[in-house]
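What follows is a single structure, written as structure tokens, with notes after it.
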Amino acid sequence: MTLTTKADTPVVTAALTDWMTGYYRLASVLVQQGFSPDSATRHVYSFTEMCYAYARQFSQDYGGDFWHWYTQSDGGFFICPQTEKTYRIEVTSNYYQGEMSAQALGLTVSLYALCVLAESGHDFFIESYHRLRGFALAHPEGMAIAGAID
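Numbering follows numbering that gives the first Met the number 0, in which position 95 of the sequence shown is assigned residue number 94; successive positions increment by one, without gaps.
What follows is the structure, encoded as structure tokens:
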């Protein structure tokens with residue numbers, strides 16, 4: 000499955016990637032960015048665990064699930080629950096309440112997790128956050144995602 004959003008030129012697409020392939024590909028990219036293999040693995044693990052935690056925090060409807068891994072044509076990435084469910088979302092820190100698809104929830108929690116990782120100051124995480132934010136805001140549920148993250 001390939002997703003396409005229309006943003007500023009060029010159009011960025013996201014392709015569904017096997018979970019382990021996406022996980023290890025991100026760890027490999029982090030090693031190429033200068034992280035040790037152990038540190039890279041810890042960062043990927045932290046990213047996924049933060050996504051799960053934010054999903055639990057933001058939605059009382061989320062009770063655990065298998066997740067998809069997506070890689071973007073511009074080098075970005077995100078994960079989302081493997082379901083067609085719609086989730087009620089409440090982000091109390093910015094007064095957002097609404098409903099989102101599993102994919103929009105995944106984009107939202109991936110952005111939150113990348114924001115935390117970007118606070119390390121490492122350019123890779125900062126750039127990944129901005130790539131994903133651009134993709135997410137061009138998503139059909141971009142307004143809901145923007146409301147949840149801003």
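Virtual Cβ for every residue (Gly too), placed ideally from N, Cα, C.
Any idea what DSSP makes of H67, helix, strand or coil? Looking at H67 - three-state DSSP - the assignment turns out to be strand.
Can you list, in chain order, the residues of its chain with a C-beta nearer than 8 Å to that of A6? Leave out the 5 residues immediately preceding and following it. Confidence at A6 is low in this model, with a pLDDT of 48, below 50, so the placement of that residue should be treated as unreliable; the coordinate-derived value is given next. Within the same chain, A6 has close Cβ partners G133, F134, L136 and A137.
Where Y86 falls, given that 16 or more other Cβ within 10 Å makes a residue buried: Buried is the call here.
Start and end of the beta strand (DSSP E) containing T91? No beta strand (DSSP E) holds T91; DSSP gives it neither H nor E.
Going straight from the alpha carbon of V11 to that of E98, what length do you get? Spanning the alpha carbons of V11 and E98 requires a straight line of approximately 25 Å.
Cβ-Cβ distance between A81 and D60 below 8 Å: The question names Ala, but residue 81 is Gln in the sequence shown. Cβ atoms of Q81 and D60: not closer than 8 Å.
For Y44, count neighbouring C-beta atoms within 10 Å of its own C-beta (all shown protein chains included) and say buried if the count is 16 or more, exposed if not. By the Cβ-count criterion, Y44 is exposed, with fewer than 16 other Cβ atoms from all chains shown falling within 10 Å of its own Cβ.
Going by CA-CA distance only, name the one from C79, M49, T47 and T107 that's closest to M142. Comparing alpha-carbon positions, the option among C79, M49, T47 and T107 lying closest to M142 turns out to be T107.
Which one of C114, P139 and D122 has the shortest CA to CA distance from Y53? Distance from the Cα of Y53 is smallest, within the candidate group C114, P139 and D122, for C114.
Report buried or exposed for Y128, applying the criterion of at least 16 other Cβ atoms within 10 angstroms of its Cβ. Taking all protein chains in view, the Cβ of Y128 is crowded by 16 or more other Cβ atoms within 10 Å, so the residue is classified as buried.
Just how far apart, CA to CA, sit Q96 and E89? About 4 Å.
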